[in-house]
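Q: Letter 197 of the sequence shown, counting from 1, is numbered 206 in our numbering, and no numbers are missing.
Don't be surprised by glycine CBs; every beta carbon is placed ideally from N, CA and C.
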Amino acid sequence: MIIDQIRGERPSLQNGQGRNVETLSLTINGKEIVAEKGKKVLWAALENGIFIPHLCSAGENSLPFGGCRLCFVEVEGKKEPVASCTEEVTDGMIVNTRTASVLRLVRMAFELIMSRHPIICRECPANKKCALQDISREMGFKLKPKKLPQILPDLPVDDSHSLFTYNPNLCVLCGLCVYICNEIVKEAILDFNFRGFITKVGTFQNRPLAKAKCNSCLKCVEACPVGALSRK
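Right, dumping it as structure tokens:
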């Protein structure tokens with residue numbers, strides 16, 4: 010499932026029916042691994058039990074959104090850290106995921122996300138199955154930002170659909186539901202509305218979901234890494 014990959018659990022290593030796969034070797038955090046040619050560093054790491062925080066990458070075959078800025082890594086030979094969801098593996102590549110510069114960037118990106126995310130874990134439908142909690146635990150980050158004030162949204166909850174609820178106040182703008190709805194399901198019900206600080210995920214003209222001709226596949230709910238989209 011998409012949500013398994015989001016949370017850092019190991020994706021399937023199956024590559025089709027008898028298809029010949031060209032592989033190469035690289036090293037991540039001192040561990041030598043084998044990966045399929047063309048694979049992104051993020052998915053090569055996850056398949057080998059190496060956690061890299063991420064929210065917006067839906068799967069190894071999807072076009073990376075690259076928006077959450079949580080999956081930075083250092084690659085030997087490159088001057089600056091790179092987003093592992095967009096960086097392809099190369100033979101002999103040496104990758105580090107926990108250097109001081111990487112941790113500084115990732116921590117700041119996480120704090121930016123949490124500065125707009127209410128910390129109401131006990132009330133949240135995604136409690137104990139939340140990507141933010143996973144990242145906090147794996148990386149040793151506090152959920153409450155240290156350096157940034159929390160400026161929380163106060164938007165109406167859409168409870169109009171019979172099967173699920175959308176709470177935009179819990180949304181982290183990862184874009185996974187938008188990607189699933191537009192590129193996988195081909196319904197184009199959800200999209201990013203507005204720009205800048207007031208950006209939100211919603212329907213065309215902000216119609217209630219019950220009036221948006223949603224086919225109720227619930228793929229968006231399955232993909233949501235937090236509690237913004239939840240089953241009733």
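Let's test the definition: count the other Cβ atoms within 10 Å of the Cβ of residue 119 and tell me whether it reaches 16, buried, or not, exposed.
A: Looking at its Cβ environment, which holds 16 or more other Cβ atoms inside 10 Å, residue 119 is buried.
Q: Could you please give me the residues that DSSP links to residue 41 through a beta bridge?
A: Answer is 36, bridged to residue 41.
Q: Buried or exposed: which applies to residue 97, given that a residue is buried once 16 or more other Cβ atoms fall within 10 Å of its Cβ?
A: Exposed, by the Cβ-count rule.
Q: If I measure Cβ to Cβ from residue 134 and keep anything under 6 Å in the same chain, skipping five residues before and after, which residues do I get?
A: Once the five neighbours on either side are set aside, the close Cβ partners of residue 134 are 236 and 239.
Q: With 16 as the cutoff for other CB atoms within 10 Å, does residue 160 come out buried or exposed?
A: Classification for residue 160: exposed.
Q: Is the Cβ-Cβ distance between residue 35 and residue 111 less than 8 Å?
A: It is not a contact, given that the beta carbons lie outside the stated cut-off.
Q: Taking only the alpha-carbon atoms, compute the straight-line gap between residue 173 and residue 226 and give it to the nearest angstrom.
A: Their Cα atoms are separated by approximately 11 Å.
Q: From the DSSP secondary-structure annotation, give me the bridge partner or partners of residue 238.
A: BP columns for residue 238 point to 175.
Q: In the structure shown, what three-state DSSP assignment does residue 191 receive?
A: DSSP places residue 191 in helix when its eight states are reduced to three.
Q: Please classify residue 213: is it buried, with 16 or more other beta-carbons within 10 angstroms of its beta-carbon, or exposed?
A: Looking at its Cβ environment, which holds fewer than 16 other Cβ atoms inside 10 Å, residue 213 is exposed.
Q: When DSSP builds the beta bridges, which residues end up paired with residue 219?
A: Per DSSP, none; premise fails for residue 219.
Q: Please state whether DSSP places residue 92 in a helix, a strand or coil.
A: DSSP places residue 92 in strand when its eight states are reduced to three.
Q: Taking its Cβ as the centre, do 16 or more other Cβ atoms sit within 10 Å of residue 29, making it buried, or is it exposed?
A: With fewer than 16 other Cβ atoms within 10 Å, it is exposed.
Q: Along the alpha helix (DSSP H) that carries residue 168, what are the first and last residues, could you check?
A: Taken as a continuous stretch (DSSP letters only), residue 168 belongs to no alpha helix (DSSP H), as it is neither H nor E.
Q: DSSP three-state call for residue 211: helix, strand or coil?
A: Note: residue 211 maps to strand in three-state DSSP.
Q: Hey, how far is the Cα of residue 224 from the Cα of residue 191?
A: One C-alpha to the other measures close to 13 Å.
Q: I'd like to know whether the C-beta atoms of residue 65 and residue 76 end up nearer to each other than 8 Å.
A: Their beta carbons are under 8 Å apart, which means residue 65 touches residue 76 by this criterion.
Q: Between the Cα of residue 197 and those of 184, 157 and 204, spot the shortest distance and give me the residue it belongs to.
A: Ranking the options by Cα distance to residue 197, first place goes to 184.
Q: Give the single residue among 61, 93, 87 and 194 whose Cα lies nearest to the Cα of residue 148.
A: Per the Cα distances, 61.
Q: According to DSSP, is residue 115 helix, strand or coil?
A: The answer is helix: DSSP assigns residue 115 an H, G or I state.
Q: Could you give the C-beta distance for residue 208 and residue 182, rounded to a whole number, given that I count them as a contact under 8 Å?
A: About 6 Å separates the two Cβ atoms, so the contact holds.
Q: Going by other Cβ atoms of all chains shown within 10 Å of its Cβ, with 16 needed for buried, is residue 78 buried or exposed?
A: Buried.
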